[in-house]
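Chemist:
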Amino acid sequence: MLMVVISLVLVSIPTSAAFPFVLLHGLGGQCAEFFYSSFTYFSSFTSGSKGYCIEIGNGVADSYTMPLNEQAKIACDKVKQIDELKDGYNIVGISQVNNYISLGGPQAGIISFCMPLFHMQEHMAPSGYIKVPTDIPGYLKGCKYLPRINNEIPDQRNATYKERFSSLKNLVLIMFEEDTIVVPIETAWFGFYPEGSFGQVLPPRQTKLYTEDWIGLRTLDEANKVKFIHLPGIHIGITPEGLIENVVPYLKEQA
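Note that the working numbering has the sequence shown beginning at 56, numbered continuously upward.
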């Protein structure tokens with residue numbers, strides 16, 4: 056969802072003070088949960104920046120059942136309604152602008168251990184991330200979400216997506232070494248299986264998305280704006296120490 060949010064909302068940059076941040080929770084979460092409320096409070100307290108957790112619909116149920124494009128539109132609308140964000144903000148993505156910080160997000164897609172049911176995308180949000188490397192034509196044709204925001208469809212590439220994504224000040228991609236929710240774990244860095252094979256996962260810099268710079272990832276990386284971080288632990292199992300070291304510095308930055 057975060058790629059669409061970045062693509063749809065063009066943010067101006069303030070001249071002083073730390074940017075506030077927006078937290079978008081992951082699948083099966085809601086802002087009222089202790090993890091997300093404490094994450095927002097702790098990040099705000101340690102960075103000195105105001106934090107907002109953006110809720111989509113009723114939280115848990117809608118995170119599963121609402122189509123991803125609809126979730127993205129709601130997030131964009133809510134961000135636009137918060138006056139304090141009008142001069143710029145950071146995004147913290149849980150499992151998905153000035154700085155974009157993603158914790159275990161399925162950037163390049165996830166594999167399915169059953170046949171992908173693309174007709175379920177109107178009812179099951181996770182199906183919008185499913186990518187089967189041995190059936191890329193089927194993925195490009197059937198998946199309504201990920202191939203579009205990653206500019207994977209050759210005759211439908213959106214220059215605005217690339218322009219806005221590559222304008223980020225920092226792209227912080229955090230991968231969890233024992234993650235069993237997003238498979239392969241390298242998807243958190245935009246790594247994925249080679250087309251036509253479930254063989255060795257390609258690191259991000261060897262994927263076509265990177266080498267052909269479909270969304271501006273290579274542009275950001277060549278400008279030293281991409282931070283590839285790997286942490287021990289399970290999916291979004293970040294410790295307070297890991298948060299202070301790898302997330303808070305980007306929330307404390309001033310314009």
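Yeah, the Cβ is synthetic: ideal placement off N, Cα and C, and Gly gets one too.
Note that this is a predicted model, so its numbers are computed, not measured.
Could you tell me if GLN85 is buried or exposed, where buried requires 16 or more neighbouring beta carbons within 10 angstroms of its beta carbon?
Modeler: buried
Chemist: Considering only residues of the same chain and omitting the five flanking positions on each side of ILE299, which have a CB-CB separation below 7 Å?
Modeler: Hits under 7 Å: THR101.
Chemist: When you compare each of ARG203, GLN136, LEU78 to LEU123 by their alpha carbons, which one comes out closest?
Modeler: ARG203
Chemist: Residues in its own chain within less than 6 Å of ASN153 by CB, not counting five upstream and five downstream?
Modeler: PHE74, GLY143, ASN145, LYS224
Chemist: Put VAL60 into one of helix, strand or coil per three-state DSSP.
Modeler: Here VAL60 scores only 38 on pLDDT, less than 50, and its place in the model is too uncertain to base an answer on.
Chemist: Let me make sure I understand the geometry here. Which of ASP117, TYR107, ALA278 has the alpha-carbon closest to that of LEU140?
Modeler: TYR107
Chemist: How big is the Cα-Cα spacing for ALA163 and ASP138?
Modeler: 32 Å
Chemist: Measure the C-alpha to C-alpha separation of GLU88 and ILE291 and round it to an integer number of angstroms.
Modeler: Going from the Cα of GLU88 to the Cα of ILE291 covers about 14 Å.
Chemist: If we call anything under 8 Å between Cβ atoms a contact, is VAL238 one with ILE166?
Modeler: yes
Chemist: Measure the C-alpha to C-alpha separation of PRO188 and TRP244 and round it to an integer number of angstroms.
Modeler: 17 Å
Chemist: Starting from the C-beta of VAL147, find all residues in its chain whose C-beta is less than 6 Å away, skip the five residues before and the five after it, and write them out in chain order.
Modeler: Around VAL147: PHE76, LEU78, ILE156.
Chemist: Let me know if SER150 comes out buried or exposed under the rule of 16 or more other beta-carbons within 10 Å of its beta-carbon.
Modeler: For SER150, the pLDDT reaches just 48, beneath the cut-off of 50, and the residue's location in the model is therefore unreliable, leaving the point undetermined.
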